[in-house]
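Protein chains: 2
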Amino acid sequence: MTVNSEPTPSSAGQPPARSRSANIRDVAKAAGVSHQTVSRVINGHPSLRESTRQRVLDAMEALQFRPNRAARSLVTSRSGMIGVLVTNGTYFGPASTRAAIESAASTAGYLVDTATLTSLEETAFKEALGRLVDHAVEGLIVLAPQEATLRQLAHLPVKLPMVTVHSTSAADDHGLSVDQVAGARLATRHLLELGHRSIAHVAGPDGWVESNERIRGFRTEMANWGLDSSWIVTGDWTSDSGFRIGQDLLAADPPTAVFSSNDQMALGLMHAYGDRGLRVPEDISIVGFDDVPDARHFAPPLTTVRQDFDELGRRCVAHLLTQLGVPVQNAPRTVVPELIVRRSTAAPS
Amino acid sequence: MTVNSEPTPSSAGQPPARSRSANIRDVAKAAGVSHQTVSRVINGHPSLRESTRQRVLDAMEALQFRPNRAARSLVTSRSGMIGVLVTNGTYFGPASTRAAIESAASTAGYLVDTATLTSLEETAFKEALGRLVDHAVEGLIVLAPQEATLRQLAHLPVKLPMVTVHSTSAADDHGLSVDQVAGARLATRHLLELGHRSIAHVAGPDGWVESNERIRGFRTEMANWGLDSSWIVTGDWTSDSGFRIGQDLLAADPPTAVFSSNDQMALGLMHAYGDRGLRVPEDISIVGFDDVPDARHFAPPLTTVRQDFDELGRRCVAHLLTQLGVPVQNAPRTVVPELIVRRSTAAPS
DNA sequence: GTTTCCTGTGTGACCGTGAACAGTGAACCG
DNA sequence: CGGTTCACTGTTCACGGTCACACAGGAAAC
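So the sequence lines, in the order shown, correspond to chains C and L. The first sequence runs 1 to 349 under this note's numbering. The second sequence runs 1001 to 1349 under this note's numbering.
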């Protein structure tokens, strides 16, 4: 029984077939009440006689009524939409976080609007943000862990409830993050405790919050042990870059252990070493970061730091909803990562 | 110069500070024209005196006017939004496709609304679809390559321009796909041409379009060579399942080659073989599917079939926009995959 | 018995935009 | 020179909801 199907051309005298869908007044007429009463039913107004409510509900059912969100949004200036600003939606981390955000948002009755940042230019940023603002999103979640983005966000006059992920400092008033420093320290300490002293760090690209935080964690932990932490090489998150860096590290006197800022680059490193006949972990230990689902099947299975992206996504929505005045139980701002020890690390030979 | 910043409490006599943002009539008043003229400027109406247009544009600039989309959407019943229905947003394929969709949509001035399917139940499907419909998306892209979804889509009265990805047959009137059968045949033929005759296929889960299509391609090619194609084991796309299947395959008399329905499961397979001391490709050849960016750094680098997800995403939007009456140059419905030969395959010893 | 309050409902205005229609004046035409 | 056409602009209404307010009638309070 399709609503939109054309009724057979009806005999004269009947009102012409309505092509547009039923509105609140149609329902009102069908239920024999005023449109305002229908509105009250929709919005769960308390003082309504139960019989009236039921009559209206029946009419709504019969007419297949669905409230028009544009109209409601026009008058209430609430859209029921949350905007998400993403840069690299393809990576595992952001993708997982987004999935969790969407699921949590939809549970709360919100729809997620996504705008992808095509570049880090301010114009691209303004454009994407403007698009979301035009569509009247009620709040904003920023999954753009480049410092450039955060800086633009800070100085732009965005009057919008907002949550940023991977924010640079806990002092930030709308930041939410996995404690990258703690994670990096976990990874570094693991290598140190195994007895490694010659440790290199393959960092993520400049300008990414995670890169810097993990570098900071690496440095802090090394310093705690009285060791030099200047052996830092910069990659771009891809396994390709890890591969190239691995080759370079082998050219000179290689370290006995490497802490890679993500799992992909660790994979590339292992590939480079394998190509030269070196064995992991016998010849070199490697720790990754993220715990991508594949990491446990790398050759060898990768020791890494797990970030709970799902949890992060859920908390994003929770914090945003709190700002929007929706009652939800609030969660801590920081998610603590966890070291997963597998077979890519061992004591130096 | 923040628009929303509170002006200093102004002296009496001035009109009270307007908290809401400027609307079309405010602009009209400022420019000394009617609101309709402003509307015409916004919509690029042809017959407008240039001086008038400029005056209006200046007023819009001065008042920081942004058209209210809810109001426009109410009267035009066009929302400027495209709905995307996803099931597994975390996987590389869907994630890449989504990224391409978002970018293409935003180029065309559309915003992307995402609804994630939490289960394959019809209720979940209706709920997600209903959410998108409520928000008046103008068109729908379905990234839910389970047959259950496609079936529900087929029998549901969705009166909406729509594009489904990974559709089951070219006869479908709104389907768009990578030619999975051709890809699977490419992979299988590659193994056959290397001399393998004992070939197993690790399939994706039941009910997924890709699983079935690739099985079909495998069977077709094997049949062409007069070989039995009944050696099919079912995984769930994860490297974990590939690992388990790899162990099982080793229990009996293992095949000399395996065609895995995706790269993750191939990784799991390689892990299982490596654990038993078998070497790839000397002892067993493995072909994957997708060409995930990491595949070239697996140990050994994986021979696989590349799907151009970006292209797929772009074409989705192109086809949808065509249905929406937006002029775009149209693209073929089918994307042809490509065999990438690396080091995980060799002639049987 | 009147006043007050509360429950349940209706009336009319309004949100910001676009569409239909109307009006104005100048140019053009026969 | 009067009528027609055309470029340009204004007036009015509709879109589908919500909000502020009014109002009827019964219960409770005085």
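We treat Cβ as the ideally placed atom computed from N, Cα and C, and that holds for glycine.
If we count Cβ pairs, one from each stretch, closer than 8 Å, do we get three or more for the segment 1323 to 1336 of chain L versus the segment 1266 to 1279 of chain L? Judged by Cβ distances under 8 Å, the segment 1323 to 1336 of chain L makes no contact with the segment 1266 to 1279 of chain L, as fewer than three pairs qualify.
With burial defined as no fewer than 16 other Cβ atoms inside 10 Å of the residue's Cβ, what is the status of residue 262/C: buried or exposed? Classification of residue 262/C: buried, given that the 10 Å Cβ count is 16 or more.
So that I know if they touch, is there some Cβ in chain L lying closer than 8 Å to that of residue 335/C? No, no contact with chain L.
In chain order, which continuous runs of the alpha helix (DSSP H) of length 4 or greater are located wholly inside the segment 35 to 115 of chain C? As for any alpha helix (DSSP H) of minimum length 4 sitting wholly inside the segment 35 to 115 of chain C, the runs are 35 to 42, 50 to 63, 69 to 76 and 92 to 107, ordered along the chain.
C-alpha distance - residue 1202/L paired with residue 1196/L, whole-angstrom precision: Note on geometry: alpha-carbon atoms of residue 1202/L and residue 1196/L lie some 16 Å from one another.
Report the rounded CA-to-CA distance for residue 1316/L versus residue 96/C, giving the unit in angstroms. Just so you know, the alpha carbons of residue 1316/L and residue 96/C end up roughly 23 Å apart.
Roughly how far, in whole angstroms, is the beta-carbon of residue 1271/L from the beta-carbon of residue 1243/L, given that I think they are within contact range, below 8 Å? Right, their Cβ atoms sit about 5 Å apart.
With burial defined as no fewer than 16 other Cβ atoms inside 10 Å of the residue's Cβ, what is the status of residue 1093/L: buried or exposed? Buried: at least 16 other Cβ atoms inside 10 Å.
Measuring only the C-alpha atoms, how far is residue 1133/L from residue 224/C? Residue 1133/L and residue 224/C: Cα-Cα distance of roughly 57 Å.
Going straight from the alpha carbon of residue 138/C to that of residue 83/C, what length do you get? Rounded to the nearest angstrom, the two C-alpha atoms are 7 Å apart.
Within chain C, partners of residue 1293/L - CB distance below 9 Å: Within chain C, the residues near residue 1293/L are 90, 238, 239, 240 and 264.
From which residue to which residue does the alpha helix (DSSP H) around residue 1213/L run? For residue 1213/L, the uninterrupted alpha helix (DSSP H) segment begins and ends at 1209 to 1224.
Could you please give the first and the last residue of the uninterrupted alpha helix (DSSP H) stretch that includes residue 1338/L? Here residue 1338/L belongs to no alpha helix (DSSP H); instead the beta strand (DSSP E) covers 1338 to 1340.
Can you name the residues that DSSP bridges to residue 1306/L? BP columns for residue 1306/L point to 1290/L and 1338/L.
Residues in the same chain with beta-carbon distance under 7 Å from residue 349/C, minus the five sequence neighbours each way, listed in chain order, please. Once the five neighbours on either side are set aside, the close Cβ partners of residue 349/C are 282.
By Cβ distance, which residues of its chain are closer than 6 Å to residue 1170/L, with the 5 residues on each side in sequence left out? At residue 1170/L the pLDDT is 48, less than 50, meaning the model places this residue with poor confidence; the figure from the coordinates comes in the next sentence. Close CB contacts of residue 1170/L within its chain, under the 6 Å cut and outside five residues either way in sequence, are absent.
For residue 1187/L, count neighbouring Cβ atoms within 10 angstroms of its own Cβ and tell me buried if that reaches 16, exposed if not. So residue 1187/L ends up on the buried side.
Look up residue 1259/L in the DSSP assignment and give the residues it is bridged to. In the DSSP output, where bridge partners are listed per residue, residue 1259/L has 1201/L and 1287/L.
is_contact[residue 1155/L, chain C] using C-beta, thresh 8 Å: No, residue 1155/L lies away from the interface with chain C (no Cβ there is under 8 Å from its Cβ).
Output the distance between the C-alpha atoms of residue 200/C and residue 229/C, rounded to the nearest integer angstrom. When rounded, the distance between both Cα atoms is 8 Å.
Between the CA atoms of residue 319/C and residue 59/C - distance to the nearest angstrom: The alpha-carbon atoms of residue 59/C and residue 319/C are separated by roughly 38 Å.
Go to residue 160/C, then tell me how far its beta strand (DSSP E) extends in each direction, as first and last residue. Boundaries cannot be given for residue 160/C, as no beta strand (DSSP E) includes it and DSSP labels it neither H nor E.
Cβ neighbour criterion (16 or more within 10 Å) applied to residue 332/C: Exposed, since its Cβ has fewer than 16 Cβ neighbours within 10 Å.
Can you tell me whether DSSP reads residue 329/C as helix, strand or coil? Correct three-state label for residue 329/C: coil.
Determine, for residue 1174/L, whether the minimum Cβ-Cβ distance to residues of chain C falls below 8 Å. The beta carbon of residue 1174/L does not come within 8 Å of any beta carbon belonging to chain C, so the residue lies off that interface.
Is the CB-CB distance between residue 116/C and residue 1047/L below 8 Å? In this structure, residue 1047/L does not lie closer than 8 Å to residue 116/C by Cβ.
Please report the distance separating the alpha-carbon of residue 1297/L from that of residue 1147/L. The straight-line gap from Cα to Cα measures roughly 33 Å.
Report back the beta-carbon spacing between residue 1022/L and residue 1065/L to the nearest angstrom; my notes put them in contact at under 8 Å. The distance from the Cβ of residue 1022/L to that of residue 1065/L is about 5 Å, consistent with a contact at the 8 Å cut-off.
Give me the DSSP bridge partner(s) of residue 232/C. According to DSSP, residue 232/C bridges with 201/C.
Quick one: is residue 33/C near chain L, going by C-beta distance under 8 Å? Not one chain L Cβ lies under 8 Å of residue 33/C.
I'd like the span of the beta strand (DSSP E) that includes residue 1241/L, first residue to last. Here residue 1241/L belongs to no beta strand (DSSP E); instead the alpha helix (DSSP H) covers 1239 to 1251.
Find the residues of chain C that neighbour residue 1073/L, judging by a C-beta separation of less than 7 Å, and give them in chain order. Near residue 1073/L (Cβ distances below 7 Å), the residues of chain C are 70.
Quick one: which chain C residues come within Cβ less than 7 Å of residue 1114/L? Contact of residue 1114/L with chain C by beta-carbon distance below 7 Å involves 102, 112 and 114.
Cβ of residue 1106/L less than 8 Å from any chain C Cβ? Taking 8 Å as the threshold, the shortest C-beta distance from residue 1106/L to chain C falls below it.
Between the segment 1134 to 1146 of chain L and chain C, which residues of the former have CB atoms less than 8 Å from a CB of the latter, in chain order? Those would be 1134, 1135 and 1136, in chain order.
Count the other CB atoms within 10 Å of the CB of residue 1049/L; is the residue buried (16 or more) or exposed (fewer)? Counting Cβ neighbours within 10 Å, residue 1049/L comes out exposed, since fewer than 16 surround it.
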